[in-house]
Each structure stands twice: as structure tokens, then as C-alpha cells.
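Just so you know, the sequences run in chain order A and B.
Positions in the first sequence are counted from 1; adding 254 to them yields my numbering.
Positions in the second sequence are counted from 1; adding 4 to them yields my numbering.
We put the beta carbon where it would ideally sit given N, CA and C, even for glycine.
Being a predicted model, the structure only gives us computed values, none of them experimental.
The structure under discussion appears below in the form of C-alpha cells.
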Amino acid sequence: SQTIHQWPATLVQPVGSPLSLECTVEGTSNPNLYWYRQAAGRGLQLLFYSVGIGQISSEVPQNLSASRPQDRQFILSSKKLLLSDSGFYLCAWSVGRAADYGYTFGSGTRLTVV
Amino acid sequence: SQQGEEDPQALSIQEGENATMNCSYKTSINNLQWYRQNSGRGLVHLILIRSNEREKHSGRLRVTLDTSKKSSSLLITASRAADTASYFCSHAGNNRKLIWGLGTSLAVNP
């Protein structure tokens, strides 16, 4: 069966420090991968998606970047965190377009920038 | 920007009662999806209903879709304390990008 792993579960980082969040998927090949951010009271915001290794599409210009070094690995990074980067970050995957089949989400990372 | 809206924003019921939450949207859709999110956790996909479907069931869940009114409803029958969560609808327009509402927070009291 397919599973998605996301870590860490919580993270407290100082302003200006780097960030690396990792997400891996098991049990499927060539998944579409996504990074979302969920801010309190503001719903889900799509940050990045990837349809293949090395292929990254950015939805919102910001202080973050994403990479897909392997088929089932998706990494969210920042060189210097801002206070506004705080939030709940969710990794997700889909078979084909999520719009057609839906997402499977990871358990999320709560990031607090202090 | 958010173009989906769930209603009500918050709902509190007793265990055993039915819970109904609604979702409205503004564009034409190919399908509409409902998700559940327990506090501090990721979202779980519940049901996907396509634009040519009017009703869909999954266990105690019933989803209806009225494309003429651009609305959908999620009914949870015989609710349990474990149903306490936030419920989100998401729809995809012609550009195939998913649009999310802000969710309904459901509290089921034992």
C-alpha cells in the first residue's frame, strides 16, 4: 500500500536560519508531489508541485524553494526563514492530476519561526 | 484566492445526531472533493463527486452536488466523538487547479 512520510512533525527555528523539510512516498511510482502551507484561518495554499524528478512548479513567489532529487522524495527549503514562514506545512501526492483523483496528505510539519 | 466557502464555519452537535455542512463555489467544476482534518494532522480524502453525479455515499457519509446552485453538502449520520475534525471542500475548475475553502469545524460532544 502507498504511504507518505513527512518529517519533522514540529520545528522551531530562529529568523534567518535555513529550513529543510522532507517528504517521501512509498508504494507508488512517478507520483505527482505537492507542498502546501496552511495558515490559521486561511485555508490551504499550494506552494509547489512536481510531476517528475527535477520538475518543480512554483505557485507563489516567496522565500521558499522545493526540489525533487528522487522520484519519491520532495524537499522544501529556505536559505533564510522569515517570521511570516510560520505555519503548518503539508506534503501530498496524487496519481495523475490531484484535481481528478484527489490527494493523499502527509501528517504535516508545524513550523514556528521565532 | 479562495473561491470555495464552507458553511457553517463551526458546528457543535451531540453524539448520535446528524451533521450537515455545505460548500459553495463560483466557477464551473469537473468534480468536488471533501476532506477531513483532525487537529494538528494532515487532511484525509473522504469523497470525490464528479460534476455529472448528484449523490454519493461512503459509510456514514453522504455527499450531494447541485451544479445549478453551485453547492455541495456533506452529511455525517449518527455522528461519533471521533468525527470531531475540520471538514474542507475542494473543487477543480477547467484549469484543473484545486481551490480550497476555509473549512467547517465540527465538534461532536459525547
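Query, Result
"Contacts that B/K101 makes with chain A (C-beta to C-beta distance below 7 Å)", "A353"
"6 Å CB neighbourhood of B/T81 in its chain, flanking five on each side removed", "N22, R64"
"CB contact check: B/G46 to chain A, cutoff 8 Å", "yes"
"Nearest-angstrom beta carbon gap, B/L78 and B/W104 [assumed within contact, 8 Å]", "B/W104 to B/L78, Cβ: 15 Å. No contact."
"Contact list for the region 47–80 of chain B against chain A, Cβ threshold 8 Å", "L47, V48, H49, L52"
"Cutoff 7 Å; reference B/A96; Cβ partners in own chain excluding five residues on either side", "I33, N34, N35, L102"
"Test: B/L106 CB closer than 8 Å to a CB of chain A", "yes"
"Proximal residues to B/H49 (C-beta, below 7 Å), its chain only, five neighbours per side dropped", "Q37, Y39"
"Terminal residues of the alpha helix (DSSP H) in which A/A353 lies", "352–355"
"Contiguous alpha helix (DSSP H) assignments of at least 4 residues, all confined to the region 23–102 of chain B", "none"
"Proximity of A/S274 and A/I329 at Cβ, strictly below 8 Å", "yes"
"Proximity test, Cβ basis, 8 Å: A/G306 and chain B", "no"
"Pair within 8 Å by beta-carbon distance, A/I310 and A/A320", "yes"
"Spatially closest choice to A/Y357 from B/T31, B/G46, B/S16, by CA coordinates", "B/G46"
"Contact list for A/F359 against chain B, beta-carbon separation under 9 Å", "Y39, Q41, R45, G46, L47, V48, H49"
"Exposure label - B/E10; buried when at least 16 CB within 10 Å", "buried"
"Contacts that B/N34 makes with chain C (C-beta to C-beta distance below 9 Å)", "Absent from the structure is chain C; the protein chains it does hold are A and B."
"Outcome for B/D70 when other beta-carbon atoms lying within 10 angstroms are tallied against a minimum of 16", "exposed"
"Nearest-angstrom Cα separation, counted from A/A346 out to A/N317", "20 Å"
"B/L110 versus B/S94: straight-line alpha-carbon distance, rounded", "17 Å"
"Where the beta strand (DSSP E) containing A/N286 begins and where it ends", "286–293"
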